[in-house]
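If you're matching them up, the sequences are chains D and S in order. In this text, residue positions in the first sequence follow this note's numbering: the first is 36, and each later residue adds one. In this text, residue positions in the second sequence follow this note's numbering: the first is 36, and each later residue adds one. Glycine is no exception: its CB is placed at the ideal position from the N, C-alpha and C atoms. Following: one structure in structure tokens, then a few remarks.
Number of protein chains: 2
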Amino acid sequence: MDSTAPQSPAGLSTTPSWLLNQAATHAARLLSEGFAAHDLRGYHYRLLATLAEEGPASQADLGRRCGIDRSDVVAVINDLAGRGLVVRAPDPADRRRNVISATVAGVDEARRMGDTVERAQRDLLAPLSTTEREQLTRLLTRLVRHHSGH
Amino acid sequence: MDSTAPQSPAGLSTTPSWLLNQAATHAARLLSEGFAAHDLRGYHYRLLATLAEEGPASQADLGRRCGIDRSDVVAVINDLAGRGLVVRAPDPADRRRNVISATVAGVDEARRMGDTVERAQRDLLAPLSTTEREQLTRLLTRLVRHHSGH
DNA sequence: ACACCAACGTTGGTGTCGCCAACGTAGCAC
DNA sequence: GTGCTACGTTGGCGACACCAACGTTGGTGT
Numbered sequence: 036m037d038s039t040a041p042q043s044p045a046g047l048s049t050t051p052s053w054l055l056n057q058a059a060t061h062a063a064r065l066l067s068e069g070f071a072a073h074d075l076r077g078y079h080y081r082l083l084a085t086l087a088e089e090g091p092a093s094q095a096d097l098g099r100r101c102g103i104d105r106s107d108v109v110a111v112i113n114d115l116a117g118r119g120l121v122v123r124a125p126d127p128a129d130r131r132r133n134v135i136s137a138t139v140a141g142v143d144e145a146r147r148m149g150d151t152v153e154r155a156q157r158d159l160l161a162p163l164s165t166t167e168r169e170q171l172t173r174l175l176t177r178l179v180r181h182h183s184g185h
Numbered sequence: 036m037d038s039t040a041p042q043s044p045a046g047l048s049t050t051p052s053w054l055l056n057q058a059a060t061h062a063a064r065l066l067s068e069g070f071a072a073h074d075l076r077g078y079h080y081r082l083l084a085t086l087a088e089e090g091p092a093s094q095a096d097l098g099r100r101c102g103i104d105r106s107d108v109v110a111v112i113n114d115l116a117g118r119g120l121v122v123r124a125p126d127p128a129d130r131r132r133n134v135i136s137a138t139v140a141g142v143d144e145a146r147r148m149g150d151t152v153e154r155a156q157r158d159l160l161a162p163l164s165t166t167e168r169e170q171l172t173r174l175l176t177r178l179v180r181h182h183s184g185h
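Written out as structure tokens, the structure is:
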């Protein structure tokens with residue numbers, strides 16, 4: 036009556052939102068375990084990777100691109116700047132803005148974290164074939180696109 | 036330079052873990068908006084629905100089945116009991132346990148919330164065809180099964 | 001020139017979810 | 001009886017997503 040089966044919430048386990056939640060939870064766990072080795076979190080990676088790939092940007096812009104609230108960007112940039120991975124400079128063209136740039140060390144860390152993320156993807160998608168991975172990515176992309184278009 | 040495009044974090048938008056996270060976030064938002072009308076949250080639904088579908092169970096058992104920590108179950112059951120949706124009774128066969136049962140009102144609320152959840156699923160999967168929905172469910176199920184088999 | 005509104009960075013919250021440590025109580029195996 | 005385990009409960013923590021408000025700055029309309 037009390038086996039060690041921790042799963043299957045009855046009819047819940049068939050609802051897509053439940054499955055999405057569970058899958059995302061597992062993915063987040065894999066990622067955060069990887070990030071722990073860098074002593075950073077998901078927010079750090081999103082911002083740092085975006086900076087490394089797309090070049091300097093204002094905090095508000097970064098937040099928009101990464102789906103992170105302006106107010107949350109502040110603290111994370113503070114942290115990244117404190118580690119020398121990022122530089123915060125006032126925008127001479129618009130004194131409301133700060134221009135955030137990844138330092139050399141920042142770009143380096145972004146690359147290393149990228150490797151960590153790649154490893155997590157492989158672990159995450161381990162049970163799926165290449166074709167299935169593409170299917171999943173395509174379906175999720177459609178979903179996300181539809182719902183982020185407001 | 037500052038269009039109202041809040042998305043596409045560069046190379047991030049192609050990683051499955053990012054897509055899963057985004058999709059799950061949208062799903063959670065849809066669900067929680069629906070739950071708000073019942074003045075309840077996701078935890079409440081999971082427990083209540085499980086009780087309504089599978090009958091009475093101990094708190095620890097419920098937690099295991101729903102993927103909710105024992106300590107979190109306590110507060111939610113308190114809340115549900117305070118609303119008369121659930122009854123907490125000591126288990127005569129094992130005095131460590133509490134037997135939680137859904138009341139008539141609880142089963143009723145579970146049904147109503149089930150409708151809300153169904154509506155959320157439809158909104159969530161709106162951009163996908165029936166075949167694609169089945170594909171997605173199948174792929175996610177495989178993923179979750181693989182990773183919850185520890 | 002002035003008033004007005006929008007955007008920026010920042011502070012300081014809120015809520016949900018997932019998890020962990022510790023305690024006292026109760027059952028079970030040896 | 002001595003241990004080990006499970007139970008419910010309390011109280012905490014961290015990550016993430018979000019919101020309200022403020023002072024500052026830019027841009028617009030008049």
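Please list, in chain order, all residues of the same chain as D/GLN57 whose beta carbon is under 8 Å from its beta carbon, the five residues on each side excluded. One-based indexing of the first sequence puts residue 57 of chain D at position 22. Cβ within range, chain order: n/a, list empty.
N-terminal and C-terminal residue of the alpha helix (DSSP H) that S/ILE112 is part of: In the second sequence, the residue the question calls residue 112 of chain S occupies position 77. First-last of the alpha helix (DSSP H) with S/ILE112: 105 to 117.
For S/GLY102 and D/PRO41, the rounded distance between their alpha carbons: What you label residue 41 of chain D is simply residue 6 of the first sequence in a count that begins at 1. What you label residue 102 of chain S is simply residue 67 of the second sequence in a count that begins at 1. Annotation note: pLDDT 45 at D/PRO41 (below 50); position unreliable, coordinate value reported separately. Taking C-alpha positions only, D/PRO41 is separated from S/GLY102 by approximately 7 Å.
Considering only their Cβ atoms, is the gap separating D/LEU65 from S/LEU54 smaller than 9 Å? Locating residue 54 of chain S in the second sequence gives position 19, where the first residue counts as 1. Locating residue 65 of chain D in the first sequence gives position 30, where the first residue counts as 1. No, they are not a contact pair.
When the Cα of S/PRO51 is compared with those of D/ARG157, D/SER106, D/ASP96, which residue comes out closest? Mapped onto the second sequence, residue 51 of chain S falls at position 16. For the residues D/ARG157, D/SER106, D/ASP96, the minimum Cα distance to S/PRO51 belongs to D/ARG157.
Would the stretch 143 to 153 of chain S and the stretch 76 to 92 of chain S be scored as touching if the rule is three or more Cβ pairs under 8 Å? yes
Looking at the secondary structure, which residues open and close the alpha helix (DSSP H) in which S/ALA186 lies? Only positions 36 to 185 of chain S appear in this structure, which leaves residue 186 of chain S out of reach.
Residues near S/SER136 in its chain [Cβ-Cβ closer than 8 Å; skip 5 each side]: As a first step, residue 136 of chain S must be located in the second sequence, where it is residue number 101. Setting aside the 5 residues that flank it on each side, S/SER136 is surrounded in the same chain by LEU86, GLY90, PRO91, VAL121, VAL122, ALA124, each with a C-beta closer than 8 Å to its C-beta; the list follows chain order.
For chain D, check one thing: does any of its Cβ atoms lie closer than 9 Å to the Cβ of S/HIS181? Walking along the second sequence from the start, residue 181 of chain S turns up at place 146. Judged by the 9 Å Cβ criterion, S/HIS181 is in contact with chain D.
Under the three-state reduction of DSSP, which class applies to D/PRO125: helix, strand or coil? By 1-based counting over the first sequence, the position of residue 125 of chain D is 90. D/PRO125 falls in the strand class under three-state DSSP.
Out of D/VAL108, D/SER93, D/HIS73, D/LEU83, state which residue places its alpha-carbon closest to the alpha-carbon of S/LEU47. As a first step, residue 47 of chain S must be located in the second sequence, where it is residue number 12. For S/LEU47, the nearest C-alpha among the options comes from D/LEU83.
Pull out every residue of the stretch 147 to 162 of chain D whose Cβ sits closer than 9 Å to any Cβ of chain S, in chain order. GLY149, VAL152, GLU153, ALA155, GLN156, ASP158, LEU159, LEU160, ALA161, PRO162
Identify whether S/SER183 lies in helix, strand or coil by the three-state DSSP scheme. The residue you call residue 183 of chain S lines up with position 148 of the second sequence. Looking at S/SER183 - three-state DSSP - the assignment turns out to be helix.
According to DSSP, residues forming a beta bridge with S/SER136: The residue given as residue 136 of chain S occupies position 101 in the second sequence. Answer is S/VAL122, bridged to S/SER136.
Interface flag, S/GLN57 vs chain D, CB-CB below 9 Å: Residue mapping note: residue 57 of chain S aligns to position 22 of the second sequence, counting from 1. At least one chain D Cβ lies under 9 Å of S/GLN57.
Spell out whether any CB of chain D is found under 9 Å from the CB atom of S/LEU54. If you number the second sequence from 1, residue 54 of chain S lands on position 19. Answer yes: the Cβ-Cβ gap between S/LEU54 and chain D drops below 9 Å somewhere.
Does S/PRO41 have its Cβ less than 9 Å from a Cβ in chain D? By one-based count along the second sequence, residue 41 of chain S stands at place 6. For S/PRO41, the predicted model reports a pLDDT of 44, less than 50, meaning its position is unreliable; a value from the coordinates is still stated below. Using a Cβ-Cβ cut-off of 9 Å, S/PRO41 counts as an interface residue toward chain D, since at least one Cβ of chain D sits closer than that to its own.
Taking just the CA atoms, how far does D/VAL142 sit from S/GLU153? Position 118 of the second sequence, counted from the first residue, corresponds to residue 153 of chain S. Position 107 of the first sequence, counted from the first residue, corresponds to residue 142 of chain D. Straight-line Cα distance between these residues: approximately 45 Å.
Go through its chain and collect everything with a Cβ distance to D/ASP126's Cβ below 8 Å, but skip five positions before and after it. In the first sequence, the residue the question calls residue 126 of chain D occupies position 91. For D/ASP126, where only same-chain residues beyond five positions count, the Cβ hits under 8 Å are SER93, ARG132, ASN133, VAL134.
For the alpha helix (DSSP H) that D/SER48 lies in, which residues bound it at each end? Taking the first residue of the first sequence as 1, we reach residue 48 of chain D at position 13. Neither: D/SER48 is in no alpha helix (DSSP H) and is coded neither H nor E.
So if DSSP puts D/ALA92 in a beta bridge, which residue, or which two residues, is it bridged to? Mapped onto the first sequence, residue 92 of chain D falls at position 57. Note: D/ALA92 sits in a beta bridge opposite D/ILE135.
At a Cβ threshold of 9 Å, is S/ARG131 touching chain D? As a position in the second sequence, residue 131 of chain S is number 96, starting the count at 1. No, S/ARG131 lies away from the interface with chain D (no Cβ there is under 9 Å from its Cβ).
Please list, in chain order, the chain D residues whose beta carbon lies closer than 8 Å to that of S/HIS61. The residue labelled residue 61 of chain S in the question sits at position 26 within the second sequence. Those are LEU178, VAL179, HIS182, SER183, listed as they occur along chain D.
What is the DSSP secondary structure of D/ALA87, counted as helix, strand or coil? Taking the first residue of the first sequence as 1, we reach residue 87 of chain D at position 52. Reduced to three states, the DSSP call for D/ALA87 is helix.
May I ask you to report which of helix, strand or coil DSSP gives D/SER67? Position 32 of the first sequence, counted from the first residue, corresponds to residue 67 of chain D. Three-state result, D/SER67: helix.
Can you name, in chain order, every residue of its own chain whose Cβ lies under 7 Å from the Cβ of D/LEU171, other than the five neighbours on each side? As a working mapping, residue 171 of chain D is identified with position 136 in the first sequence. Around D/LEU171: LEU163.
Among the candidates S/GLY69, S/THR138, S/ARG177, whose CA atom is the shortest distance from the CA of S/GLY235? Residue 235 of chain S is absent from the structure shown; chain S starts at 36 and stops at 185.
Mind listing which residues of the stretch 80 to 102 of chain D have their C-beta closer than 8 Å to chain S's C-betas, in chain order? Hits within the stretch, in order: ARG81, ALA84, THR85, GLU88, GLU89, ASP96, ARG99, ARG100, CYS101, GLY102.
Quick one: residues in its chain with C-beta nearer than 6 Å to the C-beta of D/ALA116, no 5 flanking neighbours on either side, listed in chain order? As a first step, residue 116 of chain D must be located in the first sequence, where it is residue number 81. These residues qualify, in order along the chain: ARG123.
What separation, rounded to the nearest whole angstrom, lies between the Cα atoms of S/SER38 and S/ALA140? Position 3 of the second sequence, counted from the start, is the residue given in the question as residue 38 of chain S. Position 105 of the second sequence, counted from the start, is the residue given in the question as residue 140 of chain S. Unreliable placement is indicated for S/SER38, whose pLDDT of 37 sits below 50; the coordinate value is still reported in the next sentence. Roughly 50 Å separates the two Cα atoms.
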